[in-house]
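Using UniProt numbering, the letters of the sequence shown correspond one by one to residues 1 to 390.
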Amino acid sequence: MDFPERFSNLPPYAFPRLRTLLAGLEPGGAPVDMTIGSPLHPFPHWITDIIAEHAAGFGPYPPNDGTPELRQAIADWAARRYGVSLDPATQILPLNGTREGLFNSCLALCPEEKNGRPAILMPNPFYQVYAVAALAVGAEPIYVPAAAETGFLPDFGALSKDVLNRTALAYLCSPSNPQGAVATPDYWAELLALAETYDFKVFADECYSEIYRDTAPMGALTAGKDHDPERVMLFNSLSKRSNLAGLRSGFAASGPKNIQAMKSLRNYAGAPLALPLQRVAEKVWADEAHVEANRALYREKLEFCDDLFGDVPGFVAPEAGFFLWLPVEDGEEMTKTLWTQTGVKVLPGAYLGRDYRGTNPGKTYIRVALVAPMNELQPGLRALKSCAYG
1 MDFPERFSNL PPYAFPRLRT LLAGLEPGGA PVDMTIGSPL HPFPHWITDI IAEHAAGFGP
61 YPPNDGTPEL RQAIADWAAR RYGVSLDPAT QILPLNGTRE GLFNSCLALC PEEKNGRPAI
121 LMPNPFYQVY AVAALAVGAE PIYVPAAAET GFLPDFGALS KDVLNRTALA YLCSPSNPQG
181 AVATPDYWAE LLALAETYDF KVFADECYSE IYRDTAPMGA LTAGKDHDPE RVMLFNSLSK
241 RSNLAGLRSG FAASGPKNIQ AMKSLRNYAG APLALPLQRV AEKVWADEAH VEANRALYRE
301 KLEFCDDLFG DVPGFVAPEA GFFLWLPVED GEEMTKTLWT QTGVKVLPGA YLGRDYRGTN
361 PGKTYIRVAL VAPMNELQPG LRALKSCAYG
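Encoded structure:
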């Protein structure tokens with residue numbers, strides 16, 4: 001299968017599709033953009049001092065495997081957050097953002113065959129990198145609905161034995177994007193048992209793990225304490241936790257064999273973080289005060305949304321993250337209506353999902369990003385509520 005054919009059935013990326021959808025339509029009010037989940041809260045003010053202090057480090061090539069200090073800072077954070085002990089030398093790989101890891105881990109760890117063409121499971125809706133990674137290695141992406149009926153998490157156990165026998169990897173995002181659902185301890189136990197039965201790895205995308213209401217979501221490393229460490233790979237970053245998406249500091253954590261495979265690939269196809277930025281990341285992973293302040297701002301927004309949308313039929317208050325997943329009759333039509341009548345710009349849910357077996361679980365939803373300051377967010381959300389639900 002050549003490159004163009006392999007990727008020919010990918011849908012257009014969500015945001016170019018949105019621009020096409022709204023092309024030529026005038027906003028019905030002052031534009032309020034609630035489409036992109038790019039954090040807008042302030043990041044720690046002291047990071048610029050650290051960059052300046054270590055500016056000479058922009059000269060040499062940065063260490064491919066991350067500085068020992070950064071790996072130790074991540075290991076310390078994982079111990080505090082997940083209650084696990086990781087060897088910083090063999091079980092952690094700092095990443096240039098988690099997108100690098102979510103893609104390259106598939107390249108490094110997916111076998112060429114597993115009872116035929118390997119299958120890679122992923123929730124639907126999903127982060128598009130999962131699907132592109134699967135196609136890049138010649139695997140079959142399996143889009144598993146994450147709908148209201150399954151608590152907005154994929155029911156991997158409902159798949160046929162034929163698919164499960166071919167499964168090499170399964171992506172799971174918890175807290176989920178876009179619905180804000182959190183995998184429970186029972187969910188993790190069932191997924192890991194399934195992974196052991198059918199011998200596949202679980203890739204846990206936990207980039208929203210630090211934005212929650214009261215109780216920290218269980219992570220894959222905690223759930224997998226009593227399992228083979230090679231069974232689970234965790235991905236996390238500073239993008240949402242610390243409002244530093246532009247810093248591009250993330251990490252992967254897993255067993256030594258998995259991490260070594262990723263390191264080997266990274267020698268040829270990786271882009272390590274610049275050394276001064278690694279020095280920043282060392283300090284940011286070690287600090288929780290700014291994370292708690294950030295979480296409080298999002299908690300206030302989520303509570304406002306609970307009150308505003310609580311009477312909307314089908315509304316489910318997100319447990320974590322910073323998105324609303326709002327039910328509508330047709331996501332594309334509602335997106336156009338909101339834009340032309342109020343100036344509020346949202347994302348059709350279908351653009352985050354995939355038609356699979358005749359259905360797209362996102363078709364009757366819109367995604368609303370709660371990243372703007374509260375004083376900008378409130379009027380936009382009130383206009384959205386009035387327009388969409390009367």
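Ideal Cβ placement from N, Cα and C applies to all residues, glycine included.
Problem - Residue span of the alpha helix (DSSP H) that contains L244, given as start and end - result: In the sequence shown, counting from the first residue as 1, residue 244 sits at position 244. Counted as a single uninterrupted DSSP element, the stretch harbouring L244 is not any alpha helix (DSSP H), since DSSP gives it neither H nor E.
Practice task
Can you have a look at Y298 and say buried or exposed, based on whether 16 or more other CB atoms are within 10 angstroms of its CB?
Solution key: Walking along the sequence shown from the start, residue 298 turns up at place 298. Around the beta-carbon of Y298, 16 or more other beta-carbon atoms lie within 10 Å, marking it buried.
Exercise for the section: Tell me where the alpha helix (DSSP H) around E332 begins and ends. Expected result: Working through the sequence shown from its first residue, we reach residue 332 at position 332. First-last of the alpha helix (DSSP H) with E332: 331-342.
Practice task
Leaving aside the five residues before and after V284 along the sequence, list all residues of the same chain whose C-beta is less than 6 Å from its C-beta, in chain order.
Solution key: Numbered from 1 along the sequence shown, position 284 holds the residue referred to as residue 284. Sequence-distant partners of V284 (beyond 5 residues in either direction) whose C-beta falls short of 6 Å from its own C-beta, in its chain, are L238, S242.
Practice task
Go through its chain and collect everything with a Cβ distance to P31's Cβ below 6 Å, but skip five positions before and after it.
Solution key: In the sequence shown, the residue the question calls residue 31 occupies position 31. Cβ neighbours of P31 beyond the five flanking positions: G343.
Practice task
Less than 8 Å between the CB atoms is what I'm expecting for G353 and P154, so what's the real figure, rounded?
Solution key: In the sequence shown, the residue the question calls residue 353 occupies position 353. In the sequence shown, the residue the question calls residue 154 occupies position 154. With 8 Å as the limit, G353 and P154 do not qualify as a contact, their Cβ atoms being about 12 Å apart.
Practice task
Would you kindly work out how many angstroms separate the C-alpha atoms of M1 and A261, rounded to a whole number?
Solution key: In the sequence shown, counting from the first residue as 1, residue 1 sits at position 1. In the sequence shown, counting from the first residue as 1, residue 261 sits at position 261. With a pLDDT of only 46 at M1, under 50, the local geometry of the prediction cannot be trusted, and the value read off the model is given with reservation. Their backbone Cα atoms lie some 25 Å apart in a straight line.
Problem - Cβ neighbours of E319 in the same chain (closer than 8 Å, five flanking residues each side left out) - result: Indexing the sequence shown from 1 puts residue 319 at position 319. Around E319, the same chain offers P175, G180, A181, V182, Y212, R213, P217 as residues with beta carbons nearer than 8 Å, after the five sequence neighbours per side are excluded.
Handout entry: For K225, the first and last residue of its enclosing alpha helix (DSSP H)
Key = Counted from its first residue, the sequence shown places residue 225 at position 225. Careful: K225 lies outside any alpha helix (DSSP H) and carries neither H nor E.
Handout entry: Endpoints, the alpha helix (DSSP H) within which F309 is located
Key = For the purposes of this step, residue 309 is identified with residue 309 of the sequence shown, where counting begins at 1. Run containing F309: 289-309, per the alpha helix (DSSP H) assignment.
Exercise for the section: State the start and end residues of the unbroken beta strand (DSSP E) segment that holds I366. Expected result: Taking the first residue of the sequence shown as position 1, residue 366 is located at position 366. Start and end: 365-369.
Problem - Chain-order list of residues whose beta-carbon lies under 7 Å from that of P62 (same chain, five-residue window excluded) - result: Taking the first residue of the sequence shown as 1, we reach residue 62 at position 62. Excluding positions up to five away in sequence, the list reads P272, L273, A274, L275, Q278.
Handout entry: Opposing strand residues paired with L95 [DSSP bridges]
Key = Reading the sequence shown from its first residue, position 95 is the one you call residue 95. Within the DSSP secondary-structure output, L95 pairs in a beta bridge with G250.
Practice task
Could you tell me which of K363, L169, T20, P42 sits nearest to A148, measuring between CA atoms?
Solution key: To locate residue 148, count along the sequence shown from 1; it is residue 148. Checked all of K363, L169, T20, P42; the closest Cα to A148 is K363.
Handout entry: Minimum C-alpha distance to A245 - residue among R99, W77, Y13
Key = As a working note, residue 245 is residue 245 in the sequence shown. A245 has its Cα closest to that of R99, out of R99, W77, Y13.
Handout entry: First through last residue of the alpha helix (DSSP H) which encompasses A78
Key = As a working mapping, residue 78 is identified with position 78 in the sequence shown. Its alpha helix (DSSP H) spans residues 68-82.
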